[in-house]
Every structure is written in C-alpha cells, then in structure tokens.
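Novice:
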Amino acid sequence: MKTEIIRIDPGQPEQYKLDYCGAVLRYGGLVAFPTETVYGLGASAFSDRAVKGVFEAKGRPADNPLIVHVADYAAAEAAGRFTGRRQRELFYALGAEFWPGPLTMIIKKRRIIPDSVSCGLDTVGIRMPSNRIAAGLIRAARVPVAAPSANSSGRPSPTCFEHVLEDMYGKVDVIIDGGECSVGVESTVLDLNSEEPTVLRPGAVTREEIARVAGECGEYGWFTADVNIDKPRSPGMKYRHYAPKARMLMFSGAPEAVRRTILSRLRTEKSAGKRVGVLETEEQICYYNEADILLSLGPENAPEAHAQALFGALREFDAAGVDVIFARALKAEGVDDAVMNRMFRAAGGTVLPAEQ
Ligand code: AMP
Ligand code: MG
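No gaps in the numbering here: position 336 of the sequence shown is 345 in this note's numbering, and each next residue is one more.
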C-alpha cells in the first residue's frame with residue numbers, strides 16, 4: 010500500500026490538511042495520528058471493513074478491542090449508551106473533569122458500532138483526546154474514530170512520528186507527522202459498568218484523581234494479575250506487550266540492593282559477550298558505566314517524565330541491538346503506576362527481588 014506522509018503543525022493544525030485526512034477516514038481509509046497519549050491508528054468506527062484493516066496493519070489479536078475516539082458528547086452517546094441515570098451522571102462528571110484528555114470510559118455499546126471494534130463485547134471504550142491534531146481530525150472526519158496505538162502488535166507504543174514510520178509505513182493510507190506525544194503512555198481505561206468505577210489499565214489520570222470525582226474507584230490490580238489469564242476484564246492485558254526485542258529484567262528493592270544485583274548480573278552478561286542496556290532514573294544511571302547503553306527515565310521524583318521517556322527508550326534499546334535490559338521497579342505511585350504497568354508487561358510479567 011502507498012503511504013502518504015502529511016506534516017501538520019501541532020500548535021496550529023492546518024485546517025485543509027485535517028479536512029483531507031478526515032475525508033480519508035470517513036471513506037474507509039487508515040490514518041495514523043498523534044494524540045496526547047501515544048500515536049493512534051485510526052479508522053471510521055462505523056466501518057467494519059476499515060476496522061478490520063486496523064487489526065491487519067498491526068497484526069493485532071482479534072480479541073483486543075479498540076477505543077472509540079470522539080470530538081463531542083453527541084458522538085460519545087451515538088457510540089455508547091448508559092444503563093441508568095447514575096452512570097450517565099458519573100460519565101458526564103468525569104468528562105467535565107478529565108475530557109478532553111487521557112481517560113477512556115467503558116459503557117454499553119450501541120449496535121451502530123460494529124462488533125469488530127469491541128471484539129464481540131457488548132461494551133465500548135470511549136475517549137475524547139485533547140491533542141489539537143487529534144481533536145481537529147476527528148471533527149473533520151465527522152465519524153467517531155476507532156483507534157488503538159499505532160505500533161505493530163506487541164511492540165512499544167509510538168510516542169513520535171519516527172516510531173510510527175518504523176512500524177506502519179506501507180501498511181496504512183496516511184501517517185500524520187505531528188510532533189511528540191506529551192503524555193507518552195496510553196490512556197487510563199475505566200470501567201463504568203461494575204459496582205464501583207474500576208481502573209482496568211492505569212494511565213496519566215490516576216485512580217486517586219478519579220476517586221476525587223466519583224467518590225470511589227477500584228483497580229484491577231495489575232501487579233498481581235497473571236498476564237496469561239484467559240479472560241481478563243480488559244482483553245489487552247493478557248499479552249506480553251510494549252516489548253523490546255531484548256530480554257528485559259526488572260528488579261525490586263532498595264536502590265542500593267538493586268544496584269548491587271544489576272551490577273553483578275551485568276558483569277555476568279558482559280563476560281558472556283552480551284550487549285547490555287540499563288534503564289534507570291537520572292540519580293541512579295551514573296552507577297552503570299559498564300553497560301553498553303544507558304538510558305534515563307528522568308529525575309526519580311518525576312513520574313510524568315518517566316511516562317514521556319519510557320517507550321522511546323525501549324525502542325532505542327532495540328535500535329542499539331542490546332541483548333538484555335536491566336531496570337528497577339519504581340514505587341507505583343501516581344503516574345508511575347502506569348509506567349510500572351508498562352515496564353512489568355515489557356518484562357514479560359515478572360519482577361525479580363534484588364539480592365540482599
Ligand atoms: P490500545 O490503547 O492500543 O492499544 O488498545 C485499547 C485498549 O483498551 C485495549 O487493549 C483494552 O485493554 C482496552 N479496551 C478497549 N475497549 C474495551 C472494552 N470494551 N472493555 C475493556 N477494555 C477495553
Ligand atoms: Mg496498544
């Protein structure tokens with residue numbers, strides 16, 4: 010397939026370019042576009058054929074549903090419906106606080122949204138992105154836009170145009186070159202159909218922030234969840250994901266204990282002729298000069314910086330051809346909950362205790 014690359018100004022998106030890309034979507038084409046979380050691969054949420062094209066371009070398993078992106082509440086209500094007044098009020102209260110922004114809310118699906126979007130579930134995840142290109146594109150498309158992240162399935166999500174180019178060139182109609190994603194990890198996925206609203210996937214909107222609006226908020230507990238369970242509530246959670254090509258080993262414990270463990274393992278790997286990478290915070294990275302490539306997640310106490318850096322770093326390790334990546338499990342607080350969730354999955358669902 011011929012892929013068109015269209016550069017759009019992220020600060021002041023050119024309307025004629027948004028109109029063109031919107032028309033590509035409306036008529037059943039695939040467009041990769043920036044959002045504030047990660048780049049998305051969009052298709053008209055009304056077109057079964059276009060949505061199936063998204064699965065094909067990504068090599069995505071057929072049981073991992075897509076999020077429907079909207080530009081206004083009318084479109085949200087066209088895609089999904091509420092089970093009662095309480096749910097409706099909650100949806101609008103959370104929307105008032107966090108939309109447009111990195112929060113996906115799951116409600117019952119309307120029949121106009123094909124089963125290919127929800128992978129047969131009777132629910133649909135809906136999000137209103139804040140990125141100006143994303144918002145303008147969806148408005149210009151005049152249809153809701155079903156979009157997962159614009160990476161090949163299993164690879165780290167794309168946080169800049171170059172990542173999308175790597176994975177999607179030749180597989181989609183248009184790739185928008187629209188700068189970097191400000192958040193860097195995917196949206197918080199919140200289920201509104203359970204007893205209490207429940208976070209199925211952590212993201213930049215934290216459980217505490219949701220609880221402040223909703224009064225309560227549960228979580229799926231990803232750290233203890235088995236990544237291979239057959240029927241998780243959020244289907245995307247069952248796969249090894251976000252994964253670099255290298256083996257990634259993640260250690261928990263006090264920074265000094267983790268440092269000793271990683272250094273000793275690192276020396277073993279090096280003497281076996283392996284290329285080694287270390288992913289650490291700015292404060293810790295200086296201890297690992299023996300590694301082949303050192304990448305920083307930013308300052309220890311800056312979870313937002315960690316989110317912004319993570320996926321790019323995983324891709325950089327791949328580009329550098331490392332065999333093993335060592336990393337430390339940070340305290341899963343605030344946005345670091347989302348960062349640790351992605352790292353945990355990239356490490357294949359295991360965290361090793363540091364040796365005492
Ligand atoms: P994405 O952000 O790349 O790759 O994919 C969207 C994610 O949203 C999926 O992996 C699911 O975990 C989640 N999701 C979307 N729709 C639903 C739904 N109806 N029920 C539960 N989770 C969903
Ligand atoms: Mg994804």
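Virtual Cβ for every residue (Gly too), placed ideally from N, Cα, C.
Taking contact to mean at least 3 C-beta pairs separated by less than 8 angstroms, is the stretch 195 to 208 in contact with the stretch 221 to 228?
Specialist: As far as the Cβ criterion goes, the stretch 195 to 208 touches the stretch 221 to 228, which means the pair count is three or higher.
Novice: Spell out a yes or no on whether the stretch 123 to 141 and the stretch 48 to 60 are touching, meaning 3 or more CB-CB pairs, one atom from each, closer than 8 angstroms.
Specialist: Flag = yes, the stretch 123 to 141 and the stretch 48 to 60 touch.
Novice: Compute every distance between the C-beta of N140 and the non-hydrogen atoms of the ligand MG, then say whether any falls below 8 angstroms.
Specialist: No, since every heavy atom of the ligand MG falls outside the 8 angstroms radius drawn around the Cβ of N140.
Novice: With 16 other CB atoms within 10 Å as the buried threshold, where does P167 fall?
Specialist: Buried is the call here.
Novice: So, does the CB of V267 fall closer than 9 angstroms to a CB anywhere in chain C?
Specialist: In the displayed structure, chain C is absent; only one protein chain is listed.
Novice: Between G30 and E265, what straight-line distance do the alpha-carbon atoms span, to the nearest angstrom?
Specialist: Gly is not the amino acid found at residue 30; the sequence shown has Cys there. C-alpha separation (whole angstroms): 51 angstroms.
Novice: Expressed to the nearest angstrom, what Euclidean distance is found between the alpha-carbon atoms of I238 and G358?
Specialist: Its pLDDT being 46, under 50, I238 is placed unreliably by the model, and the measurement read from it follows with that caveat. Their Cα atoms are separated by approximately 12 angstroms.
Novice: Assuming V287 and E195 make a contact with CB atoms under 8 angstroms, what is their CB distance in whole Å?
Specialist: Contact doesn't hold; Cβ gap of about 25 angstroms is too wide.
Novice: In whole angstroms, what is the alpha-carbon distance linking M10 and Y101?
Specialist: Their Cα atoms are separated by approximately 41 angstroms.
Novice: Label G93 either buried or exposed according to how many other C-beta atoms from any shown protein chain fall within 10 Å of its C-beta, with 16 as the threshold for buried.
Specialist: That one is exposed.
Novice: In terms of residues, what are the limits of the alpha helix (DSSP H) holding I271?
Specialist: Taken as a continuous stretch (DSSP letters only), the alpha helix (DSSP H) holding I271 covers P264 to S280.
Novice: Tell me whether N237 sits in a helix, a strand or coil according to DSSP, three-state version.
Specialist: Low confidence applies here, because N237 scores a pLDDT of 44, under 50, leaving its location unreliable; read the following figure in that light. N237 falls in the coil class under three-state DSSP.
Novice: How about V60 and A155: do their beta carbons lie closer than 9 angstroms?
Specialist: Going by C-beta atoms, V60 is nearer than 9 angstroms to A155.
Novice: By the three-class DSSP mapping on this structure, what secondary structure does K11 have?
Specialist: It is coil, neither helix nor strand.
Novice: On a CA-only basis, which of C169, R164, S191 and P123 is nearest L75? Give me that one, please.
Specialist: The candidate whose alpha carbon is nearest that of L75 is P123.
Novice: Is P138 closer than 9 angstroms to G110 when the C-beta atoms are compared?
Specialist: Cβ atoms of G110 and P138: closer than 9 angstroms.
Novice: Please report the Cβ distance between L258 and A356, rounded to the nearest whole angstrom; I am assuming they are in contact, meaning their Cβ atoms lie under 8 angstroms.
Specialist: Their Cβ separation, rounded to whole angstroms, is 7 angstroms, which keeps L258 and A356 in contact under 8 angstroms.
Novice: Reducing DSSP to helix, strand and coil, say where G212 ends up.
Specialist: It is coil, neither helix nor strand.
Novice: Under the criterion of a Cβ to heavy atom distance below 8 angstroms, does P153 qualify as lining the ligand AMP?
Specialist: No; taking the cut-off as 8 angstroms, the Cβ of P153 has no heavy atom of the ligand AMP nearer than that.
Novice: From this set, E299, E291, E292 and K254, which residue's C-alpha is nearest S273's C-alpha?
Specialist: Ranking the options by Cα distance to S273, first place goes to E299.
Novice: Please classify I14 as buried or exposed, where buried requires at least 16 neighbouring CB atoms within 10 angstroms.
Specialist: Exposed, because fewer than 16 other Cβ atoms sit within 10 Å of the Cβ of I14.
Novice: With L304 as the anchor, note down where its beta strand (DSSP E) starts and where it stops.
Specialist: Run containing L304: I302 to S305, per the beta strand (DSSP E) assignment.
Novice: By the DSSP assignment, the beta strand (DSSP E) with F260 in it spans what residues?
Specialist: First-last of the beta strand (DSSP E) with F260: R256 to S261.
Novice: Using a Cβ-Cβ cutoff of less than 8 angstroms, which residues in the same chain neighbour G330 once the five nearest sequence positions on both sides are dropped?
Specialist: Contacts found: R284.
Novice: Can you say whether P253 is buried or exposed, counting buried as having 16 or more other CB atoms within 10 angstroms of its CB?
Specialist: Looking at its Cβ environment, which holds 16 or more other Cβ atoms inside 10 Å, P253 is buried.
Novice: Using only the heavy atoms of the ligand MG, determine whether one of them is closer than 8 angstroms to the beta carbon of E175.
Specialist: No, since every heavy atom of the ligand MG falls outside the 8 angstroms radius drawn around the Cβ of E175.
Novice: Please classify Q293 as buried or exposed, where buried requires at least 16 neighbouring CB atoms within 10 angstroms.
Specialist: Buried: at least 16 other Cβ atoms inside 10 Å.
Novice: For the alpha helix (DSSP H) containing L130, name the first residue and the last one.
Specialist: Unbroken run through L130: none, as it is neither H nor E.
Novice: Helix or strand or just coil, what does DSSP make of R120?
Specialist: Residue state, collapsed to three classes: coil.
Novice: To the nearest angstrom, report how far apart P308 and Q317 are at their CA atoms.
Specialist: Rounded to whole angstroms, P308 to Q317 spans 12 angstroms at the Cα level.
Novice: Round the Cβ separation of V79 and I17 to the nearest angstrom and send it over; I've been treating them as touching at under 8 angstroms.
Specialist: 20 angstroms between Cβ atoms; not a contact.
Novice: Pick helix, strand or coil for R337, following the three-state DSSP scheme.
Specialist: It is a strand residue.
Novice: Could you tell me the alpha carbon to alpha carbon distance between K26 and A84, rounded to whole angstroms?
Specialist: Going from the Cα of K26 to the Cα of A84 covers about 22 angstroms.
Novice: Assuming I116 and L201 form a contact by the criterion Cβ under 8 angstroms, report the distance between their Cβ atoms to the nearest whole angstrom.
Specialist: Contact flag correct, Cβ pair sits at about 5 angstroms.
Novice: With burial defined as no fewer than 16 other Cβ atoms inside 10 Å of the residue's Cβ, what is the status of Y251: buried or exposed?
Specialist: Buried: at least 16 other Cβ atoms inside 10 Å.
Novice: Tell me whether I147 sits in a helix, a strand or coil according to DSSP, three-state version.
Specialist: Three-state result, I147: helix.
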